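According to UniProt numbering, the sequence shown holds residues 1 to 308 in order.
From the three backbone atoms N, C-alpha and C, an ideal C-beta is built for every residue, glycine too.
Keep in mind it's a predicted model, so treat the numbers as computed, not measured.
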Amino acid sequence: MPVWLLLAGAFGPLGSGRMRALRVSWMVAVYLFLEVVALLVLFGLWVGSGCGWRLRGPRFQRAHYVLTGKFLRILYAQARWSLGVKVAVVGADPDVAAPGRPELVFCRHAGPGDSFLLVHALVNWFDREPRIVLKAGLQWDPVIDVMLNRLPNHFVTVSADAESMIGRLATGLDHNDVLVLFPEGGNFTPSRREKAIQRLRDLGLHTMAERAERMRHVLAPRPGGTLAALDAAPEAGVIWVAHTGLDRLLSVADVWRHLPLDLTITMRWWSVDAEEVPTGQEERVDWLYEWWARIDAWIDRHGPGSGS
1 MPVWLLLAGA FGPLGSGRMR ALRVSWMVAV YLFLEVVALL VLFGLWVGSG
51 CGWRLRGPRF QRAHYVLTGK FLRILYAQAR WSLGVKVAVV GADPDVAAPG
101 RPELVFCRHA GPGDSFLLVH ALVNWFDREP RIVLKAGLQW DPVIDVMLNR
151 LPNHFVTVSA DAESMIGRLA TGLDHNDVLV LFPEGGNFTP SRREKAIQRL
201 RDLGLHTMAE RAERMRHVLA PRPGGTLAAL DAAPEAGVIW VAHTGLDRLL
251 SVADVWRHLP LDLTITMRWW SVDAEEVPTG QEERVDWLYE WWARIDAWID
301 RHGPGSGS
């Protein structure tokens, strides 16, 4: 969970519950401590690599993935203890579905910290090395900035040619690599859902807008990055990820009201072999929307208020 969210919860005028303040303050302290330790280790790796000379070599790349895993493992353990957050993965995973095969992971984006939890699962539970497409604003966090810029990741900016960068990122995936992409391009909120639908209408894509309107729990996916990844990695399998449990936490105030969270975040994984991926661009866009509708239906059955 980003430190700005924890700080806002701990020190913002959002409530008076002492235990809530103590829980969030503890997570803030843990996060800041981990940041300091990780930055010291990163400095040591930089020195050990010959002041950056060998940072891109396999040995130091692996060391950075190990550090990422330890950082996220400790953060997750503390979130379980102090906030009551647990993760359960159901369905196919990269180890069981196709061990030793590169994967493209396309995930729903909703709720605070869901990308952290996904990467934690990939690194620590499935021993994968993710290449992640992230928002450039996350680089305000010092550890994210230093650590992830040393690994093959891509921070999306407004002016950058994101699709070309995603294509380059997905090129040359090896047996334990995964590309992680959030096709919606941002965290789900009801207002963003409406804006995404209106954007499709403004572009004259009325059929896609109608399909997006039927999906109540997800944003309309943006096909560009997904198509670029599929084109660049035709040998990779595809894993679709839905999750529920963070759906009601749309703001810092929501997180504060629900502390301790005491929730289980359920991640549903579906695996598709490379041979099953459509080949034509229109067919792939249609396929993406079909899967997003399937994810939306799963959330409808298993999300808050579903009774399951």
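- The Cβ neighbour count for P234, taken over all protein chains shown within 10 Å, is under 16; the residue is labelled exposed.
- Rounded to the nearest angstrom, the gap between the Cα atoms of E129 and S49 is 20 angstroms.
- Counting only the Cα atoms, F33 lies some 14 angstroms from V24.
- Beta-bridge annotation (DSSP): F188 is not paired with any residue.
- Relative to the Cα of P221, the nearest Cα in the group T207, E184, F71 belongs to E184.
- G91 and V47 have their C-alpha atoms some 42 angstroms from each other.
- Counting only residues of its own chain and dropping the five nearest sequence neighbours on each side, R101 has a CB closer than 6 angstroms to the CB of G237.
- Contact between D286 and V218 does not hold, since the beta-carbon distance rounds to 16 angstroms and is not under 8 angstroms.
- Counted as a single uninterrupted DSSP element, the alpha helix (DSSP H) harbouring G224 occupies residues 223 to 232.
- In terms of Cβ geometry, L203 and R284 do not form a close pair [threshold 7 angstroms].
- The beta carbon of I74 lies closer than 7 angstroms to those of L34 in the same chain, with the five residues before and after it left out.
- In this structure, G84 sits away from N124, with a CB-CB distance that is not shorter than 7 angstroms.
- F106 is a Cβ neighbour of W240, given a cutoff of 7 angstroms.
- With respect to the 7 angstroms criterion, V143 and Q78 are not classified as neighbours on the basis of their beta carbons.
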